[in-house]
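What follows is a short report on a single structure.
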Amino acid sequence: MRETPRPQGTVGDAGSGPPQLRPGRALAHTPGASGSGTPHRSDGRPPQTPRGARHTDPDGHPGTTPPVPGWPTILLGLPALLLALITWQVAAHGPLARADERLSDAVVRPNRFFELLADLGNVSVAVPVLAVALVLAARRSRREGAARWWLPSVAAAVLMAGVPAVIVPAKELIARPGPPVMGPGTGFYPSGHTATAAVAYGAATLLLLPGLRTAPARRALLAACLVLNLAVATGLVVRGYHWPLDVVASWCLCALLLAGLALFLSRSRRRSSSRTPSRRTGPS
């Protein structure tokens, strides 16, 4: 009786034919199937896009290269772009600057109340508030055993001291006249009172925020910072001390300065926490 030859490639064949699925084997365990963690196509062909060729993380998700821009890029990019646009319009007395002057003429109402609001941006008011925050933040950091407990407060103080070095040359360079109620004179762009308030109250908020344990307390501190800066801006514009764009430009400039301070403080806290021994393990 003649033996019927077995075709190659069947189950259990060890020949040279292509491997076949074994009976009962789950498709999810084959290379390239969904959930297998292998970054290849299910038909065995090489990937057609660079994403398919990426290495996976421990959960099987493809990596994210190149890196996606994060919030520091947005915080630094948008204010810088807006500041450049406003400065160009003010220096060239463009349409935006002319609209700014018309808006100022419509809202100016000189009175004592708005003068008091503007005074919240005085050095004699804003800087003492920051000084209290410097002391409180330094005491908290030292009590928590931070390696360089003094560094955040010193960084905020240096930033506050450097504000005139940024504002005064810009005033001299642009030489923008003030609103009519201020009489003749130049040097109103950008607003120095706005910059003093923004940096002083903003830096104080950045220093005190990590020490607040509850969400309502943190929201209250942020709201107080926002209200103080809006009060200063309203007083300056409505009293007629500054054009609206003088205030907006100072906000943009101070947003850049405070974003840099926030990044510095965040990195400083991470370094301090990594060097400070935990209570469980003790010093290494």
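Just so we're on the same page, the working numbering is the position in the sequence shown counted from 1, plus 974.
Beta carbons are placed, not taken as given, at the ideal position from N, Cα and C, and that holds for glycine.
A quick note: this is a predicted structure, and the numbers were derived from the prediction, not measured.
#### Entry: Cross-strand partners of P1151 (DSSP beta bridge)
Here residue 1151 is taken as the residue at index 177 of the sequence shown, counted from 1. Bridge partners of P1151: T1160.
### Task
Whole angstroms is fine: what's the gap from H1216's alpha carbon to F1162's?
As a first step, residue 1216 must be located in the sequence shown, where it is residue number 242. As a first step, residue 1162 must be located in the sequence shown, where it is residue number 188. Looking at the backbone, the Cα of H1216 and that of F1162 are separated by about 7 angstroms.
### Query
What separation, rounded to the nearest whole angstrom, lies between the Cα atoms of L1050 and I1060?
Here residue 1050 corresponds to residue number 76 of the sequence shown, with the count starting at 1. Here residue 1060 corresponds to residue number 86 of the sequence shown, with the count starting at 1. When rounded, the separation of the alpha-carbon atoms in L1050 and I1060 is 16 angstroms.
### Message
Quick check on L1091: buried or exposed, where buried means 16 or more other Cβ atoms within 10 Å of its Cβ?
### Response
One-based indexing of the sequence shown puts residue 1091 at position 117. L1091 is buried by the Cβ-count criterion.
#### Entry: CB contact flag (L1232, A1177, <8 angstroms)
For the purposes of this step, residue 1232 is taken as residue 258 along the sequence shown, with counting starting at 1. For the purposes of this step, residue 1177 is taken as residue 203 along the sequence shown, with counting starting at 1. Yes; because the gap between Cβ atoms is below 8 angstroms, this pair is in contact.
### Task
Could you spell out where the alpha helix (DSSP H) holding R1192 opens and where it closes?
As a first step, residue 1192 must be located in the sequence shown, where it is residue number 218. Run containing R1192: A1189 to R1213, per the alpha helix (DSSP H) assignment.
#### Entry: DSSP three-state assignment for W1123, whether helix, strand or coil
One-based indexing of the sequence shown puts residue 1123 at position 149. W1123: coil per DSSP, three-state reduction.
### Query
In its own chain, which residues sit with a C-beta less than 6 angstroms from the C-beta of A1000, not counting the 5 before and 5 after it?
Mapped onto the sequence shown, residue 1000 falls at position 26. Annotation note: pLDDT 44 at A1000 (below 50); position unreliable, no value reported.
### Query
Can you tell which of R1245, L1239 and W1062 has its C-alpha closest to the C-alpha of A1149?
Reading the sequence shown from its first residue, position 175 is the one you call residue 1149. For A1149, the closest alpha carbon among the candidates R1245, L1239 and W1062 is that of W1062.
### Query
Nearest CA to the CA of A1139: which residue from C1228, A1100 and R1192?
Position 165 of the sequence shown, counted from the first residue, corresponds to residue 1139. Of the candidates C1228, A1100 and R1192, the one whose C-alpha sits nearest the C-alpha of A1139 is C1228.
### Message
So, with DSSP's three-state summary, where would you put S1165?
### Response
Here residue 1165 refers to the residue found at position 191 when the sequence shown is read from its first residue. In the structure shown, S1165 sits in coil (DSSP, three-state: anything other than H, G, I, E or B).
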